[in-house]
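Down below is the structure, laid out as structure tokens.
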Amino acid sequence: MLDADEFIISDNGQNPREIIKKINENYYYLIKWITYVPTNNDDYNIKFIPKRITHVRDESLEQYYKVIVPKKVVNDFNVRVEMGNHNLKFDNFNRNELVKKDLNLKIAHFPLRSIEQCISKVSIGWPNIIAINLYNLSWGFHWKMLFDKIKEENDISLDDLEFFAKNYALVSTSDDILIKNQPINLDFCDKIEIRYDFEYNYLRNILENYAYFAEEIVSFKRKLKSVPILDDRFILKLASDYDVIEKSGLFDVNWYCKRYSPPRNIHPIIHYLLTYRENMNDPAGFFSTEYYFKTHVDVANSGMNPFVHYIKYGKKENRKIASSKSENFGVQ
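So for the sequence shown, the numbering used here puts the first residue at 30; every next one is plus one.
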């Protein structure tokens, strides 16, 4: 699945459609992202973005891929594709049977395309990052940097646009990122005229987003009134279990977030403690909540969280924590 700012291209200028038609349905494939960067030299009279923006960022900086998964692989191996199509998840016992292949394809990514679009994206994006990612804002520091610039100066320049595009989705900023002119071969495209052209109104987008926030706050307040007040003992138990798990260092936050995608404004451990009994969520790849409950009936009957029990007692008692087929892995 491609986002609206992504285009499949080939390394040798070949029509990507012809390459995809010939893929072997027994394998899965990785396609690397490459980031295209708007510059002062772009002709903004050209409306078709892949034709207008022709400079590409140093490919050695790129870290992200998307996966192509034939239907046969999905059916045969019970694979799961994570949000954004960036990762493939599968059971450990299928690891040796699943085969990964490379294709002569890349995904041309155009995250920033004009000053107006950038202002809209950042002005909406940074508040959304704060709202959904309360416990880890470090990955969005580029957004905050440009957000503050827009807030203080009421505008950005083409140089700002180029700088931000060069550093887009990187872990740190640099003034020394190289770009090169690498136009996409569009000879195989029959129709590239823009059918729908309109004047970009970034202020409308920003106002609509803040109106949406206001509506969500009102909706949340209404829902909050209907939520029963939690028992003090429940709160104390939740805090105690959280403390045990957090101090153990055994809870795999990255693994848990990739597997279950908890809301970003709830700490993953809290999410686990609130949902494990209903959904049988696992706290890490090495531990199976369902297996621990089924194998150790005394724990299931005690009302104690299985992972907390394992940390406090089960580890010392050498209790089994998972079957040999229960561990899951992600593939980048």
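Ideal placement from N, C-alpha and C gives every residue a C-beta, glycine not left out.
The three-state secondary structure of residue 319, taken from DSSP, is helix. Residue 310 holds the alpha-carbon nearest to the alpha-carbon of residue 286 among 310, 277, 274 and 275. Taken through DSSP and simplified to helix, strand or coil, residue 175 comes out as helix.
Judged by DSSP secondary structure, residue 264 falls outside any beta strand (DSSP E) and instead within the alpha helix (DSSP H) spanning 261 to 277. Assignment of beta-bridge partners to residue 109 by DSSP yields 118. The alpha carbon of residue 314 has as its nearest neighbour, out of 289, 307 and 328, the alpha carbon of 289.
For residue 56, the closest C-alpha among the options 63, 106 and 92 is that of 106. Taking the Cα positions, residue 184 is about 16 Å away from residue 69. Per the C-alpha coordinates, the member of 198, 351 and 326 positioned closest to residue 93 is 198. By the neighbour-count criterion, in which 16 or more other beta carbons inside 10 Å mark a residue as buried, residue 218 falls on the exposed side. Non-local beta-carbon contacts of residue 281 in its own chain, meaning distances under 6 Å to residues more than five positions away in sequence, involve 313 in chain order. Residue 36 sits in a strand when the DSSP states are folded into three classes. In this structure residue 97 touches residue 58 by the C-beta definition: roughly 4 Å separates them, less than 8 Å. The beta carbons of residue 47 and residue 64 sit about 25 Å from each other, so the pair does not count as a contact at 8 Å. Cβ neighbours of residue 214 within its own chain (closer than 6 Å, five residues either side excluded): 42. Taking the Cβ atoms as the reference, residue 322 lies roughly 7 Å from residue 328, within the contact range of under 8 Å. The residue from 334, 44, 87 and 31 with its alpha-carbon nearest to that of residue 208 is 87.
The C-alpha of residue 270 is placed about 8 Å away from the C-alpha of residue 302. In the displayed model, residue 327 falls within a helix according to three-state DSSP. In terms of Cα proximity to residue 235, the closest of 277, 261 and 179 is 179. Distance from the CA atom of residue 222 to the CA atom of residue 159, rounded to whole angstroms, is 38 Å.
Judged by DSSP secondary structure, residue 85 falls within the beta strand (DSSP E) whose first and last residues are 84 to 86. Note on geometry: alpha-carbon atoms of residue 144 and residue 130 lie some 38 Å from one another. Of the residues 181, 149 and 294, the one whose Cα lies closest to the Cα of residue 232 is 149.
Boundaries around residue 64 are those of the beta strand (DSSP E), 57 to 66, since no alpha helix (DSSP H) includes it.
Residues 54 of the same chain have their beta carbon placed closer than 6 Å to that of residue 99, with the five preceding and five following residues left out of the count.
Ranked by Cα distance from residue 276, the options 74, 127, 341 and 33 are led by 341. For residue 196, the CB contacts under 8 Å within the same chain, skipping 5 residues up- and downstream, are 171, 202, 203 and 206 in chain order. Taking the Cα of residue 306 as reference, the smallest distance to any Cα among 71, 332, 190 and 272 is reached at 332.
Taking 7 Å as the cut-off, the Cβ atoms of residue 52 and residue 134 do not count as close. Under the three-state reduction of DSSP output, residue 240 falls in the helix class.
Around the Cβ of residue 190, a 10 Å sphere holds 16 or more other Cβ atoms; the residue is buried. Between residue 194 and residue 85, the C-beta spacing is not below 7 Å.
Under a 10 Å Cβ-count criterion, residue 291 is classified as buried, with 16 or more other Cβ atoms of the shown protein chains found around its own Cβ. In the assembly as shown, residue 274 is a buried residue. Its beta-carbon has 16 or more other beta-carbons within 10 Å.
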